[in-house]
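Novice: Offset between the sequence shown (1-based) and the numbering used here: plus 311.
C-beta atoms are modelled at their ideal positions from N, C-alpha and C, and glycine is treated no differently.
Below you'll find the structure I mean.
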Amino acid sequence: MRPRAGKRTARLRWGILGPGRIAPRIVRALADNERGELVAVASRDPERGRAFAERHGAQTVHDTYEALLADPSVDVVYVALPNGLHAEWTVRALDAGKHVLCEKPLALTVADVDAIGEAAARNGRIAVEAFMYLHHPQTAKALGIARSGALGDLQVISSAFSFLLTYPNDPRLDPALGGGSLWDVGCYAVSVSRRIAGEEPDGIAGFARFDDRGVDRAFVGQLHFPSGLLAHFESGFDAADRERVEIVGSEATLAIEHPFLPEPDGPPPRMTIHRDGAVEEVEVESIDDYRAEVDDLQGAILDGSAPRVDLAFSRGSIATLVALDRAARARIGSGGQERVGPVPCRPGVGRRG
Ligand SMILES: NC(=O)c1ccc[n+]([C@@H]2O[C@H](COP(=O)([O-])OP(=O)(O)OC[C@H]3O[C@@H](n4cnc5c(N)ncnc54)[C@H](OP(=O)(O)O)[C@@H]3O)[C@@H](O)[C@H]2O)c1
């Protein structure tokens, strides 16, 4: 079904639900954007909403999320809320006639992704998951190299994304809000592995270290794809900043140093091919991938182009994440974590949170 908002206006008017830490990146993507502008923000805290609107130039502040959805001057809603609220507010925004850019992960269950798909279809609107790195030319180049055969036959995808979580009361640590490193940063590793594989895994395994509230602070996942390709990843809240992807082929390995958060303003991100002891630099340009993500959705709304991250892709991501989470929890439920001899670690490690 063709989207309708594009027929109404050539410049899409955006509203933000949740003026938190990530929201300014989308504000920046809308600055000097000939096809979109920020017009409204909604916060549960009127003061926070006003301060955000003043700083970022939004005309309207709504004191409830419902009020922003009822605002006829908003065409597109950016859902920048904690994970556990994504599906509900995406469906409500679609039913209010808005298009939606929703932060990752789009939902916490496959049924919720399907509910989003149904709401999009019945309202003739578009909903996309905000995986900005999939819009970066670095990702496109890596996929091109992997698929070209330049690395030989693909063997393994290895990825990592971790950081030291120090914010007190962070929703990332709340089990009721979809907390956990798997949902927060492991979702990047799962998405890139599936993107490279070009198919869904037919076997998975997951291991996690959970805190007292049942939220994983560290996760190690393994995926097997029908082609025989293997992937493994780690995600975490207790480890130093780390992001990396390696695509290992029978003849060479492609290493991406900043696969998920390449800096838009610094030097281009570094990508290298390692072959027979030699290292070859791969040229990549530096762009604002949040801007590319916004432009991609605006193109889908105004021109009818296919969004780069569609709901089928998101559905596969969520299905894999649910299976990984379940696998790691089943190990606890079935009589405790398996131990192979003593686990050497410093006192205190694994007991935070
Ligand atoms: N794509 C990326 O690069 C990227 C980076 C970081 C995060 N993210 C994703 O973006 C989303 C938001 O992350 P963030 O770091 O911006 O989060 P945050 O600052 O902790 O929270 C965002 C907003 O959520 C609202 N909120 C509503 N109910 C809440 C509750 N019960 N507890 C706490 N906050 C609540 C708050 O807005 P009000 O109280 O003002 O209404 C808050 O400002 C997450 O889904 C995360 O996975 C994406």
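(1) Are the stretch 333-343 and the stretch 603-610 touching, with three or more C-beta to C-beta distances below 8 Å?
(2) What first and last residue would you give for the alpha helix (DSSP H) that runs through tyrosine 601?
(3) So for cysteine 656, helix, strand or coil by DSSP?
(4) Should serine 561 be labelled buried (16 or more other beta-carbon atoms within 10 Å of its own) or exposed?
(5) Taking three-plus beta-carbon pairs below 8 Å as touching, is the stretch 423-442 in contact with the stretch 580-589?
(6) In angstroms, rounded to a whole number, what distance separates the CA positions of alanine 667 and histidine 373?
(7) Does the distance between the C-beta of methionine 582 and the nearest non-hydrogen atom of ligand 1 fall short of 7 Å?
(8) Within the continuous beta strand (DSSP E) that includes leucine 379, where are the two ends?
(9) Just how far apart, CA to CA, sit leucine 328 and leucine 419?
(10) Look at the alpha carbon of leucine 409 and the alpha carbon of tyrosine 499, and state the distance between them as a whole number of angstroms.
(11) Assign glutamine 449 to one of three DSSP states: helix, strand, or coil.
(12) Starting from the C-beta of aspartate 495, find all residues in its chain whose C-beta is less than 8 Å away, skip the five residues before and the five after it, and write them out in chain order.
(13) To the nearest angstrom, how far is it from the Cα of alanine 321 to the Cα of histidine 447?
(14) Check the Cβ-Cβ distances between serine 470 and every residue of chain C, and say whether any is below 8 Å.
(15) Please state the DSSP three-state secondary structure of methionine 312.
(16) Which stretch, first to last residue, makes up the alpha helix (DSSP H) that contains threonine 401?
(17) Could you pull the start and end residues of the alpha helix (DSSP H) that phenylalanine 363 belongs to?
(18) How long is the line joining the alpha carbons of alanine 453 and glycine 460, rounded to whole angstroms?
(19) With a threshold of 16 other CB atoms inside 10 Å of the CB of valine 531, please say whether the residue is buried or exposed.
(20) Taking 8 Å as the cut-off, decide whether the C-beta atoms of alanine 611 and alanine 617 are in contact.
(21) Between which residues of its own chain and glutamate 510 is the CB-CB distance below 8 Å, once the five residues before and five after are set aside?
(22) For glycine 463, name the three-state secondary structure that DSSP assigns.
(23) Among Ser492, Ala641 and Arg642, which one has its Cα closest to the Cα of alanine 471?
(24) Are the beta-carbon atoms of phenylalanine 544 and tyrosine 444 separated by less than 8 Å?
(25) So alanine 353 packs on leucine 379, CB below 8 Å; how close in whole Å?
(26) In whole angstroms, what separates the C-alpha of histidine 397 from that of alanine 422?
(27) Keeping to the same chain, check which residues put their C-beta closer than 7 Å to that of glutamate 667; ignore five residues upstream and five downstream.
(28) Applying the criterion that 16 or more other CB atoms from any shown protein chain within 10 Å of the CB defines a buried residue, is glutamine 609 buried or exposed?
(29) For isoleucine 333, is the beta carbon positioned less than 7 Å from some heavy atom of ligand 1?
(30) Within a Cβ cutoff of 6 Å, which residues of the same chain sit near valine 559, ignoring the five residues on either side of it in sequence?
(31) How far does the alpha helix (DSSP H) with isoleucine 427 in it extend, from its first residue to its last?
(32) Please report the residue range of the beta strand (DSSP E) in which valine 372 lies.
Specialist: On the basis of the data shown:
(1) Counting Cβ pairs under 8 Å, three or more are found: they touch.
(2) Segment 600-614, the alpha helix (DSSP H) holding tyrosine 601.
(3) A caution first: cysteine 656 carries a pLDDT of 37, below 50, which makes its placement in the model too unreliable to give a value.
(4) Around the CB of serine 561, fewer than 16 other CB atoms lie within 10 Å, so the residue is classed as exposed.
(5) These segments do not touch.
(6) Shown here, the chain extends from 312 to 664; a query on residue 667 therefore has no answer.
(7) No.
(8) Looking at the DSSP string, leucine 379 is not in any beta strand (DSSP E); the run it does join, the alpha helix (DSSP H), is 376-380.
(9) Near 19 Å, if we compare the C-alpha coordinates of leucine 419 and leucine 328.
(10) Note that residue 409 is lysine in the sequence shown here, rather than leucine. Per the coordinates, the alpha-carbon of lysine 409 lies some 26 Å from the alpha-carbon of tyrosine 499.
(11) Correct three-state label for glutamine 449: helix.
(12) Taken in chain order, the residues that qualify are Asn394, Arg483, Ser546 and Phe548.
(13) Approximately 25 Å, taken between the alpha carbons.
(14) In summary, chain C is missing from the structure at hand, where a single protein chain is found.
(15) A caution first: methionine 312 carries a pLDDT of 36, below 50, which makes its placement in the model unreliable, though a value can still be read off. It is coil, neither helix nor strand.
(16) Note, threonine 401: alpha helix (DSSP H), 397-406.
(17) Per DSSP, phenylalanine 363 is one residue of the alpha helix (DSSP H) stretching across 357-367.
(18) Each residue's alpha carbon lies about 12 Å from the other.
(19) Taking every protein chain shown into account, the CB of valine 531 has 16 or more other CB atoms within 10 angstroms, so this residue is buried.
(20) Alanine 617 is positioned such that its CB atom lies closer than 8 Å to that of alanine 611.
(21) So the list reads Phe536, Pro537 and Ser538, once near-sequence residues are dropped.
(22) Here DSSP, grouped into helix, strand and coil, assigns glycine 463 to coil.
(23) Answer by Cα proximity: Ser492.
(24) No, the pair does not count as a contact, with Cβ atoms beyond the cut-off.
(25) Correct: roughly 4 Å between the Cβ atoms.
(26) Straight through space, the alpha carbons of alanine 422 and histidine 397 are spaced by roughly 13 Å.
(27) The requested residue 667 is not part of the displayed model; the chain covers only 312 to 664.
(28) A buried status is given to glutamine 609, since no fewer than 16 other beta-carbon atoms sit within 10 Å of its beta-carbon.
(29) For isoleucine 333, the CB falls within less than 7 Å of some heavy atom of ligand 1.
(30) The residues are Gln466 and Val467.
(31) It spans 421-434 - the alpha helix (DSSP H) in which isoleucine 427 sits, taken as one unbroken run.
(32) Start and end: 371-373.
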